[in-house]
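Okay, structure first, notes after.
Chains as they are written, first to last, in this note's numbering: chain A, 669 to 757; chain B, 19 to 815.
Right, dumping it as structure tokens:
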């Protein structure tokens, strides 16, 4: 499982419809907003990095008010555990 | 209510993201959560370009389990690009080299002990030096080694072996920028800093697809442009309409290698319209042909041959675009220019760099807030590790010329070696080195052995085919973390530690050094390069010269760093004030000159009140009344050179037989020869193979559709890869990214190895090719990597 701390940069004045749209994505948890409402702090959860990329693509496609998605922190211990456990000696 | 680990990670990550952007976050989980989420967050630098982004590496149970951008880092303010977030995942790839290996009589590499491997290397190097002379063994390093490592190998070769056969892959990417700064200002590296970006009004981006190659820098510029589109101007000079060009007000699509005429034409327009800075022109500029000093009038006369209409015909840049670019550059400043390989990887690379500096000098857009002539470096430590430690064949630590007797004397004293023991004659530059490499029984090849670290010349040298035989026949020692095209030629293969498995200092484009802490242990028996260098030195009798060979890696790195900062103490490149203690504490590292442990570092050089060297007469003498003074001027007049460089096009322009320009470059996902990034599945899948960009007009003429297989042929070789029919290149110009190590798609089978006369940097960016359609679309998304060290090289050399 990959978990991020990310920021969605959204068009000014679009906070309400964006939050409504985000509610349809169980992999997204809204956490905080900037004073201007143009930046939303969220968690994104995905099976692995590839699934995270796909999730970002889906978000950008289905919510046109999203200008940019930026990860500030990515946590991926499960993925590393899986990788190191499968390493050949 | 008890929080689950997953919830804790989520809150911690969200609190961090909010904190990085100053967004209010009510939950207190950040303070509680970090201790639970990871054992420790360790400060470091990213290793996937020259920007120098600050990161924090999350470690739990001896493994890297998280990464975050460092919001306090003055390079990236917490933001990271795709490579920054994902590239280092390759460190856990099962292909990591874990044990030393030696090639046996049957041609196979087999595991040996470190003692055996190092003993073999030391004895063979000694034998070669004894039989063929001190210069028979070369070191070929990298802008990705830590500063302490490059310094150590450089010291071992130049101070121990007394040999200047030291060079590295920055010769392939930054040498022309070094040459440009040295010839114009008398010393290397920019006057300004990234902090000029937020103070600038106009950006001149030349020969750089910033959005893909330095995405965090691009983000800083794009954010300004998008926030104030009418107040911020962006000029892009680049033959392809890249994603960088999309934010440009003016695009200058000069044919590859013709932009010297554009720069001279801009200077002509600036002077014709009276947009010069008279103070700079009268007091700080010396006009020169390179052989002869002339006056401003002669410069004006010289520029008369570069009329916009003539230049437009030569370059394909519309007249109006050149004129508007000149106006914006000169009158809508302060102006920052930024460039990378499009300027440097050329046979006229130094001249192109000089002409950008010319524009800044005649308009006074330098040595002021928001104004600078700034070369972006491609690799994370090409500046700090190679240029500054002098790990090239013609340099000494502090980027001092090895031909300078005073510099040699200072270094000999610092290193505690007898006077006159450093050879005053430069060694071979990269291309000369590989051309001279060969078998012991080949009298035409003076280099018989080579130690290569952290780079992959069998894939990255231009016209690579020419150099395979030398690599195969010489005694080749390769230090790396993965099998590569180069390890396929290795006689001895030494497994290296990744940056987060060892730590050390990186110095980025803006003269900023940052210390990365060791986070985790390397796999198997892999070792830091510094340990390898010191152990080799010990076995060759140089343990007094390189005494940092103990069992504590952190202490070894610190000893090497202290030795280096002492060596360059009394130079204008001084890092003496950057102690490990300070670099550990400071979130953003420090910029040189930094002469004392109290000094805050220098954002702007040559300006009194900002640059400490202005008031350090034992290093440079500066008149007390001078506020701006180019103190490294070799004529001691405090001036910079404005060059009257003649126009000269590329080495191999298209002709009737080879009618296309081929230009090469990077893509955002992949790093260099792809040996790391191609091992991160998400990255590999998103950019799995090289391709050739073809303009629709050309595609129509050759009957090409998207995906059709195309043979790209130069006078040196050919490759076969899929076509991408796109409008971003002009007709007649092809583009191929260079990361792909699949034999069919290795672009350096066709590139040219002609070099710049001054910098000796090859012209990767321009050669002439022809194309043939060879088949229908084929799936070539193989994501090629070399997994087995004993996979043979694809051809018999």
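Glycine residues also receive a C-beta, built at the ideal position from the N, C-alpha and C atoms.
In the structure shown, residue 738/A adopts extended strand secondary structure according to DSSP, grouped into three states.
Chain A places no beta carbon closer than 8 angstroms to that of residue 697/B, leaving this residue out of the contacts.
Taking residue 613/B as reference, the option from 699/B, 634/B and 601/B with the minimal CA-CA separation is 634/B.
The C-beta of residue 297/B has fewer than 16 other C-beta atoms within 10 Å across all chains shown, which makes the residue exposed.
For the options 715/B, 514/B and 701/B, the alpha carbon positioned closest to that of residue 717/A is the one of 701/B. With a 10 Å radius around the Cβ and a threshold of 16 neighbouring Cβ atoms, residue 680/A comes out exposed. Under the 8 angstroms criterion on CB atoms, residue 733/A is classed as non-interfacial with respect to chain B.
Across the structure, residue 162/B and residue 329/B are spaced so that their CA atoms are roughly 39 angstroms apart. For residue 190/B, the uninterrupted alpha helix (DSSP H) run begins and ends at 188 to 191, by DSSP.
Shown in chain order are the members of the stretch 25 to 45 of chain B whose Cβ falls below 7 angstroms from a Cβ of chain A: 27, 28, 31, 32, 34, 35, 36, 38, 39, 41, 42 and 43.
About 19 angstroms separates the CB atoms of residue 722/A and residue 675/A; that is not less than 8 angstroms, and the two are not in contact. Interface flag for residue 673/A against chain B is set, since a Cβ pair is found closer than 8 angstroms. Taken atom to atom, the span from the alpha-carbon of residue 726/B to that of residue 744/B is near 13 angstroms. In this structure, residue 189/B keeps its C-beta atom at 8 angstroms or more from the C-beta atom of residue 609/B. Taking a beta-carbon distance threshold of 8 angstroms, residue 740/A counts as an interface residue toward chain B.
Residues of the stretch 99 to 122 of chain B with a Cβ closer than 7 angstroms to any Cβ of chain A, in chain order: 103, 104, 110 and 112. Taking 8 angstroms as the upper bound on Cβ-Cβ separation, chain B lies near residues 697, 699, 700, 701, 702, 703, 707 and 709 of the stretch 693 to 709 of chain A. Looking at the backbone, the Cα of residue 43/B and that of residue 30/B are separated by about 11 angstroms.
The stretch 307 to 392 of chain B contains, as complete beta strand (DSSP E) runs of 3+ residues, the segments 353 to 357 (chain order).
Proximity of residue 745/A to chain B, defined by a Cβ-Cβ separation below 8 angstroms, is satisfied. Closest in alpha carbon position to residue 529/B, among 606/B, 469/B, 580/B and 502/B, is 606/B. For residue 97/B, the chain A residues whose Cβ falls inside 8 angstroms of its Cβ are 738 and 740, in order along the chain. For residue 82/B, the chain A residues whose C-beta falls within less than 8 angstroms of its own C-beta are 748, listed in chain order. Between residue 40/B and residue 71/B, the C-beta gap is not smaller than 8 angstroms, which leaves the two residues out of contact. Note on geometry: alpha-carbon atoms of residue 354/B and residue 215/B lie some 7 angstroms from one another.
Within the same chain, 632, 633, 640, 644, 645, 646 and 647 come within 8 angstroms of residue 626/B by CB-CB distance, once the 5 residues on both sides are set aside. Just so you know, the alpha carbons of residue 588/B and residue 120/B end up roughly 43 angstroms apart. Pairing residue 468/B with residue 122/B, the inter-Cα distance amounts to about 18 angstroms.
Looking only at 258/B, 397/B, 220/B and 489/B, the smallest Cα-Cα distance to residue 350/B is reached by 220/B. In the displayed model, residue 674/A falls within a strand according to three-state DSSP. For residue 287/B, not one C-beta of chain A is nearer than 8 angstroms to its own C-beta. Non-local C-beta neighbours of residue 281/B in its own chain, meaning closer than 6 angstroms and more than five positions away in sequence, comprise 373, ordered along the chain. By the neighbour-count criterion, in which 16 or more other beta carbons inside 10 Å mark a residue as buried, residue 105/B falls on the buried side.
Residues of the stretch 787 to 811 of chain B with a C-beta less than 8 angstroms from any C-beta of chain A: none at all.
At a Cβ-Cβ threshold of 8 angstroms, residue 197/B and residue 159/B do not count as neighbours. Nearest neighbour of residue 471/B by Cα position, chosen from 760/B, 742/B, 772/B and 172/B, turns out to be 172/B.
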